[in-house]
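K.L.:
2 protein chains.
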Amino acid sequence: MQRRTSKVSDAVIRRLPRYHRYLEELVRDGIKRISSKELSRRIGFTASQIRQDFNCFGGFGQQGYGYNVELLYNEIKKILGLNERYNTIIVGAGNLGQAIANYTNFRKRGFEVKALFDINPKLIGLSIRGIEILDIDKMGEFVRDNDVKIAILCTPRENAQQVAETLVEYGIKSIWNFAPIDLDLPNDVIVENAHLSDSLYVLSYRMAEREKENKEK
Amino acid sequence: MQRRTSKVSDAVIRRLPRYHRYLEELVRDGIKRISSKELSRRIGFTASQIRQDFNCFGGFGQQGYGYNVELLYNEIKKILGLNERYNTIIVGAGNLGQAIANYTNFRKRGFEVKALFDINPKLIGLSIRGIEILDIDKMGEFVRDNDVKIAILCTPRENAQQVAETLVEYGIKSIWNFAPIDLDLPNDVIVENAHLSDSLYVLSYRMAEREKENKEK
DNA sequence: ATATAATCGTTAAAAAATTAACATAGATTA
DNA sequence: TAATCTATGTTAATTTTTTAACGATTATAT
């Protein structure tokens with residue numbers, strides 16, 4: 001069994017949510033056991049890779065049997081930290097911020113939005129699903145008083161860096177960043193980017209690529 | 218100069234939007250030329266990687282000089298297909314679908330949302346920024362009549378696969394998928410996933426990881 | 001109870017991605 | 001104009017990631 005301290009590669013980590021997703025489906029379907037081979041067939045990774053990945057965290061399977069679905073699912077959940085609950089705030093209560101506040105699935109997973117913040121006086125005072133939009137001036141106080149662990153950054157690009165720095169001053173150590181910019185913050189701050197436009201551009205690239213191939217024929 | 222037909226790796230492709238972003242900033246700041254070394258300092262990739270990446274598409278630089286920012290920016294834009302315009306539809310007019318319809322930046326980049334579709338009668342007939350929400354029954358006709366090239370899939374997980382299949386029947390070949398599921402579609406259909414929860418779970422993983430490290434000390 | 005088959009964990013090999021090295025072209029300077 | 005410096009494009013080395021191989025262990029069937 002591998003030591004936990006040996007850093008797991010980013011490639012492995014980014015596959016974990018997918019394992020989680022498929023295992024949840026197996027649980028939902030009442031399937032009790034599964035082999036790496038059968039999981040491979042469903043999920044699209046090689047069986048070898050699946051076994052390697054799970055072994056980064058200590059093997060959860062049994063030779064000749066396979067993996068117990070529920071056990072494996074729970075382990076992955078634990079590894080992803082989905083057994084914890086986290087208070088979050090959304091900074092920037094525009095369309096995207098509001099959409100995320102409205103999206104109930106995150107709350108079900110343990111990510112609870114406690115407030116939204118904005119500078120726009122027209123938005124301040126409104127509520128989204130019972131979650132208030134507050135003046136950004138109140139943010140520091142709110143973070144301190146409400147055990148806020150994650151900030152979801154939904155401001156326009158222009159303000160993102162400065163707002164992020166302010167959040168860090170207030171003690172925030174984890175930022176989910178939707179602004180199309182790479183934040184420059186101290187190393188101990190965890191930043192996960194959700195760069196939607198980057199994703200769209202990759203789609204666009206593939207379309208251009210296909211177009212080019214078609215022309216060449 | 219490398220041939221264009223030799224497939225460019227996914228790793229390279231996913232860095233292109235980031236190049237685009239930084240080059241746009243350089244253009245905005247009126248910077249005329251840049252070396253891979255200086256770009257490396259800003260963007261955080263190694264200079265070697267930057268030169269390798271650009272060379273996948275034919276070198277755009279000049280020895281002893283560096284890269285002409287505007288030229289490079291335009292090349293990257295072209296490679297990403299951002300000189301084209303695409304008509305899109307959003308399928309699923311819930312919070313996320315509406316947020317994307319509201320987000321004007323995509324339109325500025327050439328991705329124009331022509332309509333939203335939903336099954337919910339309460340939504341049908343409403344408009345988001347002048348874009349109508351239509352009955353999903355009208356989708357096939359609309360796709361045919363409006364030169365729709367991209368479908369943005371924002372339905373709940375349960376409906377996503379079936380809706381995607383319908384879209385493909387209607388001739389859609391490119392899907393930007395926000396539903397937390399891996400779509401199973403013919404190979405010639407381009408699917409780019411924007412799996413927000415996957416991204417959030419990676420953040421959550423990093424937090425759990427840090428927590429563990431702190432405990433071990 | 002024994003034999004056979006299944007399947008993991010792990011080690012080894014292969015492939016892919018990243019980084020380093022360097023020869024050469026072109027810019028800059030004296 | 002010649003000499004020097006800069007910085008690319010490209011090839012080579014290194015590192016990382018993925019895939020394959022296989023011994024060991026357990027389930028299943030006879």
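Residue numbers (the numbering used here), protein chains in the order written: chain R, 1 to 217; chain V, 218 to 434.
By construction, the Cβ of each residue, glycine as well, lies at the ideal position given by its N, Cα and C atoms.
So which residues on chain V does alanine 47 of chain R lean against when the C-beta distance must stay under 8 Å?
P.N.:
Going along chain V, no residue has its Cβ under 8 Å from alanine 47 of chain R, so there is no contact; the nearest lies around 17 Å.
K.L.:
Could you tell me which residues DSSP pairs with valine 408 of chain V in its beta bridges?
P.N.:
V:Ile392
K.L.:
Under a three-way DSSP split, which group does glycine 61 of chain R fall into?
P.N.:
strand
K.L.:
What do you get for arginine 157 of chain R, buried or exposed, if any count of 16 or more other CB atoms within 10 angstroms of its CB means buried?
P.N.:
exposed
K.L.:
Roughly how many whole angstroms lie between the Cα atoms of lysine 325 of chain V and glutamate 301 of chain V?
P.N.:
11 Å
K.L.:
Once the 5 residues before and after leucine 134 of chain R are set aside, which same chain residues still bring their CB inside 6 Å of it?
P.N.:
Only residues of its own chain outside the window of five on either side were considered, and among them Ala115, Phe117 have a CB closer than 6 Å to the CB of leucine 134 of chain R, listed in chain order.
K.L.:
Find the residues of chain R that neighbour isoleucine 409 of chain V, judging by a C-beta separation of less than 8 Å, and give them in chain order.
P.N.:
According to the sequence as given, residue 409 of chain V is glutamate; it is not isoleucine. Near glutamate 409 of chain V (Cβ distances below 8 Å), the residues of chain R are Ser199, Leu200, Val202, Leu203, Arg206.
K.L.:
Is glycine 125 of chain R close to the ligand HEM? I mean its beta-carbon at under 7 Å from any heavy atom of the ligand.
P.N.:
Among the components of this structure there are no ligands whatsoever, and the ligand HEM is therefore not found.
K.L.:
Report all residues from its chain with a CB closer than 6 Å to the CB of glutamate 409 of chain V; omit the five preceding and five following residues, and keep chain order.
P.N.:
Trp393
K.L.:
How big is the Cα-Cα spacing for tyrosine 387 of chain V and alanine 368 of chain V?
P.N.:
11 Å
K.L.:
If you run the structure through DSSP and keep just helix, strand and coil, what is serine 204 of chain V?
P.N.:
Lying before the first or after the last residue shown, residue 204 of chain V is absent from chain V, which here runs from 218 to 434.
K.L.:
Extract the residue ranges of the alpha helix (DSSP H) inside the segment 302-333 of chain V, only unbroken runs of 4 or more that lie entirely within it.
P.N.:
312-319, 321-325
K.L.:
For isoleucine 181 of chain R and glutamine 161 of chain R, which I take to be in contact (beta-carbon distance under 8 Å), what is that distance rounded to the nearest angstrom?
P.N.:
7 Å
K.L.:
State yes or no: is the C-beta of isoleucine 299 of chain V within less than 8 Å of the C-beta of leucine 240 of chain V?
P.N.:
In the sequence as presented, isoleucine is not what sits at residue 299 of chain V; that position holds leucine. Contact: no.
K.L.:
Using the three-state DSSP reduction, which class does leucine 297 of chain V fall into: helix, strand or coil?
P.N.:
coil
K.L.:
Indicate whether at least one CB of chain V lies closer than 8 Å to the CB of phenylalanine 106 of chain R.
P.N.:
yes
K.L.:
Does any residue of chain R bring its CB to less than 8 Å from the CB of phenylalanine 359 of chain V?
P.N.:
no
K.L.:
Given isoleucine 31 of chain R, which residues of its chain have a CB within under 6 Å of its CB, disregarding the five upstream and five downstream residues?
P.N.:
The residues are Val69.
K.L.:
Using a C-beta cutoff of 8 Å, does asparagine 337 of chain V count as contacting chain R?
P.N.:
With 8 Å as the cut-off, asparagine 337 of chain V does not count as an interface residue toward chain R.
K.L.:
Against glycine 81 of chain R, what residues of chain V qualify as contacts under a CB-to-CB distance less than 7 Å, listed in chain order?
P.N.:
Ser421, Tyr422, Met424, Ala425
K.L.:
Do phenylalanine 60 of chain R and tyrosine 86 of chain R have their C-beta atoms within less than 8 Å of each other?
P.N.:
no
K.L.:
Along chain R, in chain order, which residues have C-beta atoms closer than 9 Å to that of alanine 316 of chain V?
P.N.:
Among the residues of chain R, those whose CB is under 9 Å from the CB of alanine 316 of chain V are Gly94, Asn95, Leu96, Gly97, Gln98, Ala99, Ile100, Asn102, following chain order.
K.L.:
Among the residues of its own chain, which have a CB less than 7 Å from the CB of glycine 44 of chain R, if the five just before and after it don't count?
P.N.:
So the list is empty, once near-sequence residues are dropped.
K.L.:
Please list, in chain order, the chain V residues whose beta carbon lies closer than 7 Å to that of serine 174 of chain R.
P.N.:
Leu420, Met424
K.L.:
Taking the alpha helix (DSSP H) that leucine 26 of chain R falls in, what are its first and last residues?
P.N.:
16-28
K.L.:
Determine whether the Cβ of isoleucine 13 of chain R lies closer than 8 Å to any Cβ atom of chain V.
P.N.:
yes
K.L.:
Hey, could you find the ends of the beta strand (DSSP E) asparagine 68 of chain R is sitting in?
P.N.:
Here the beta strand (DSSP E) through asparagine 68 of chain R covers 66-68.
K.L.:
Any C-beta of chain R sitting closer than 8 Å to the C-beta of phenylalanine 277 of chain V?
P.N.:
no
K.L.:
So if DSSP puts alanine 151 of chain R in a beta bridge, which residue, or which two residues, is it bridged to?
P.N.:
R:Ile89, R:Ile175
K.L.:
Could you list which residues in chain V have their beta carbon closer than 9 Å to that of phenylalanine 54 of chain R, in chain order?
P.N.:
Neighbours of phenylalanine 54 of chain R on chain V: none; closest Cβ ~15 Å, over 9 Å.
K.L.:
Nearest-angstrom Cα distance between asparagine 95 of chain R and proline 186 of chain R?
P.N.:
29 Å
K.L.:
Between the Cα of arginine 144 of chain R and those of R:Thr155, R:Thr88, R:Arg206, spot the shortest distance and give me the residue it belongs to.
P.N.:
R:Thr88
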